[in-house]
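Following: one structure in structure tokens, then a few remarks.
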Amino acid sequence: MGGHAVAAADLSRPLCAAVIKSSFRPHLPLLAAAPALLASLLQRLSPLPSAALAFFRALPPPHPLDASLALLRLLAPHPRHHPAARDLLRDLSLRHPLSSPLMLPSLLADHDPHVPSWLLLLLSQSARPDDAVRVFDQMRARGLAPDAHACTALLTALARARMTATARRVFDEIARAGVAINTHVCNAMLHVCLKAGDAARAEALITRMDAAAVPLDHFSFNTIIALYCRKGMRYEAMCVRERMQNQGIQADTVTWNSLIHGLCKDGRVKEAARLLTEMIAAQVLPDNVTYTTLIDGYCRAGDIGEAVKLREEMEARGMLPGVATYNAILRKLCEDGNIKEVNQLLNEMDGRKVQADHVTCNTLINAYCKRGDMTSACKVRRKMLESGLQLNQFTYKALIHGFCKAKELDKAKEALFEMVDAGFSPNYSVFSWLVDGFCKKNSADAVLLIPDELTRRGLPPDKAVYRSLIRRLCRKGLIDQAQNVFEQMQGKGLVGDSLVYATLAYAYLTEGKPAAASNTLDDMAKNHLHITPQIYNCMCTTYADEKETLNMLWAHSIERGLIKKSVYKLLHQARLLEST
1 MGGHAVAAAD LSRPLCAAVI KSSFRPHLPL LAAAPALLAS LLQRLSPLPS
51 AALAFFRALP PPHPLDASLA LLRLLAPHPR HHPAARDLLR DLSLRHPLSS
101 PLMLPSLLAD HDPHVPSWLL LLLSQSARPD DAVRVFDQMR ARGLAPDAHA
151 CTALLTALAR ARMTATARRV FDEIARAGVA INTHVCNAML HVCLKAGDAA
201 RAEALITRMD AAAVPLDHFS FNTIIALYCR KGMRYEAMCV RERMQNQGIQ
251 ADTVTWNSLI HGLCKDGRVK EAARLLTEMI AAQVLPDNVT YTTLIDGYCR
301 AGDIGEAVKL REEMEARGML PGVATYNAIL RKLCEDGNIK EVNQLLNEMD
351 GRKVQADHVT CNTLINAYCK RGDMTSACKV RRKMLESGLQ LNQFTYKALI
401 HGFCKAKELD KAKEALFEMV DAGFSPNYSV FSWLVDGFCK KNSADAVLLI
451 PDELTRRGLP PDKAVYRSLI RRLCRKGLID QAQNVFEQMQ GKGLVGDSLV
501 YATLAYAYLT EGKPAAASNT LDDMAKNHLH ITPQIYNCMC TTYADEKETL
551 NMLWAHSIER GLIKKSVYKL LHQARLLEST
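Here the sequence shown is numbered in full-length UniProt numbering, starting from 1 and rising by one per residue.
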């Protein structure tokens, strides 16, 4: 190996002279085939970054990794060549995994403080937050501190990915690293707080900014106002707006929109409308979001007339309603059963080339399913797929519910199988509709076939499927079928959980079979399962009108030590309420 290095060094001298004289092109095939020689040559060209860059660009791709890294180190100290260095780094991050033995250690080596920050910035802006966090942690392990720009980008990427816990850790580490916490870094962390709904942390950060004389800008104020409005903290939001004005920062459209949205969310639509008047008086122009928020607010408040007036005002100001505006009005019309007006609005959307989205289609499907018009619901579903929109969990649930109401249980099951195949987990309500539908047709035993049908389609049911079927069968008083499903579940190697055992035991008590209930609870004890506060609350909610049987269940459970200590407090509170 040493001989190769010496030979490369010897050859690099005349080649370096050829590069300087721009007569290196005849030697390109040799250099491309000899990475060590290429790296040695680039090292000799360190005092001449422009010549090195021109030479490197003339090489036929792909460029060897070690040569690319050598050029990156060569360019980094020269501000004039920073754009080219960043482009080279971007290419490296796309072509080579960070786990490469040569890649990350070389990039983080203490050659120049710029390169690690560039890498962090690049990964953050490329929506690769996991890789970016890995680089950040490696930098800190080596005692390197990223610059403020890279820190801002990292926190922003983590906020977008909703990695809020990681973002909090990173921000604390940034502060410990001695990075200058400027307005942009703080704004990125405020954005994290907004995503997490963490008003307390946001307030602490604002206090910290004030103490460090870090100025708040429009983004700072708008973010904290949006957070307060989402949390229903209207008074606090108004106080922040007042502070904005006192500091000479005028509320902009984003500020007003957040305040209006907060009021509409709380059902205070008339107050929100007054804010619109104030907004216009302050010479801040409302936008599409402003009007759509208010239109949606009035629709949710049941005032479709005022919503339509606002839409007319919106159009008079030269703003055409978008799909979100139409969706708000469509939802209210569907709720009211005004299908004729719904069709008129859909025709208007077509005429204006406003493309329906998931919300539009799901609203229509849900409305048709509730009316029992499964033909129209399936027609919307077909158009939805033809336009490239994928069915989501809401779509499948609406269709299953509609088919069950229409007593088209085979189609309901088919929709269930499609739902599971698409990766969605049906909840208790979905199986309740199916069980109820089969019971109405006196075909409760057909429910027992659902797990096997899922298995045959390559979609083996999980514990949640069996649990939902058992719970609903018990609720319908079909304890034998529920027990059958439970035995199927155990035959598949799935162990029942606390809710399954508690539900079966309760059903046996209701049927006047205390021995079977006792056996079920004994099995629960053998499996080291317990009644937790969540199970207790679930059972109390499901069987709220049958307290006598519930008390029997709790008594049997206490005898077997199945009640968690935290549940005793809930039992005591319930008894106090019963005695008042």
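Virtual Cβ for every residue (Gly too), placed ideally from N, Cα, C.
Nothing here was measured: the structure is a model prediction, and the numbers come from that model.
Only residues of its own chain outside the window of five on either side were considered, and among them L104, L108 have a CB closer than 8 Å to the CB of Q138, listed in chain order. Taking 8 Å as the cut-off, the Cβ atoms of L190 and A202 count as close. Taking C-alpha positions only, I479 is separated from K379 by approximately 39 Å. The continuous alpha helix (DSSP H) containing I558 extends over residues 547 to 559. The alpha-carbon of R90 is positioned some 37 Å away from that of A324.
A distance of 8 Å or more separates the beta carbons of Y298 and M319.
By the criterion of at least three beta-carbon pairs nearer than 8 Å, the region 551 to 560 is in contact with the region 520 to 538. Counting other Cβ atoms within 10 Å of its Cβ, S46 stays below 16 and is therefore classed as exposed. L158 is not a Cβ neighbour of V185, given a cutoff of 8 Å. Assigned with DSSP and collapsed to three states, I563 falls in strand. If you ignore the 5 residues before and after A196, its C-beta comes within less than 7 Å of the C-beta of T164, all in its own chain and listed in chain order.
For the 8 Å CB-CB criterion, H528 and S498 do not form a contact. Judged by DSSP in its simplified three-state form, I531 adopts strand. One alpha carbon belongs to R128, the other to G337, and they sit about 46 Å apart. One Cα belongs to K309, the other to G322, and the distance between them is close to 16 Å. Less than 8 Å separates the beta-carbon of F136 from that of L154.
Assigned with DSSP and collapsed to three states, S126 falls in coil, not helix or strand. S220 is classed as buried because its beta carbon has at least 16 other beta carbons within 10 Å across all chains shown.
Here H78 carries a coil assignment [DSSP, helix/strand/coil]. The C-beta separation of V214 from T183 comes to about 6 Å, placing the pair in contact by the 8 Å criterion.
Assigned with DSSP and collapsed to three states, Q393 falls in helix.
For L155, the enclosing alpha helix (DSSP H) has its first and last residue at 148 to 160. Distance from F438 to Q393 at the Cβ level is roughly 22 Å; contact not present, criterion being Cβ atoms closer than 8 Å. With a beta-carbon spacing of about 15 Å, I260 and V240 fall beyond the 8 Å limit used to define contacts.
For V495, the three-state secondary structure derived from DSSP is coil.
Counting other Cβ atoms within 10 Å of its Cβ, S258 reaches 16 or more and is therefore classed as buried.
Beyond the five residues adjoining it in sequence on each side, H218 comes within less than 7 Å, by CB distance, of I249, D252 in the same chain, given in chain order. With respect to the 8 Å criterion, P61 and L38 are not classified as neighbours on the basis of their beta carbons. Spatial neighbours of H149 in its own chain (CB-CB distance under 8 Å, excluding positions within 5 residues in sequence) are listed in chain order as S117, L121, H184.
Membership of Y291 in the alpha helix (DSSP H) is indicated by the continuous run 288 to 300.
In this structure, the straight-line span from the alpha carbon of F55 to that of P79 is close to 19 Å.
The alpha carbon of L74 has as its nearest neighbour, out of R44, P97, S93, R95, the alpha carbon of R44. When the beta-carbon positions are compared, A316 and D296 stay at least 8 Å from each other.
Spatial neighbours of L473 in its own chain (CB-CB distance under 8 Å, excluding positions within 5 residues in sequence) are listed in chain order as V435, A444, V447, I479, Q481, A482, V485.
Where Q344 is concerned, the enclosing alpha helix (DSSP H) starts and stops at 339 to 351. With fewer than 16 other beta carbons inside 10 angstroms of its own, K407 counts as exposed.
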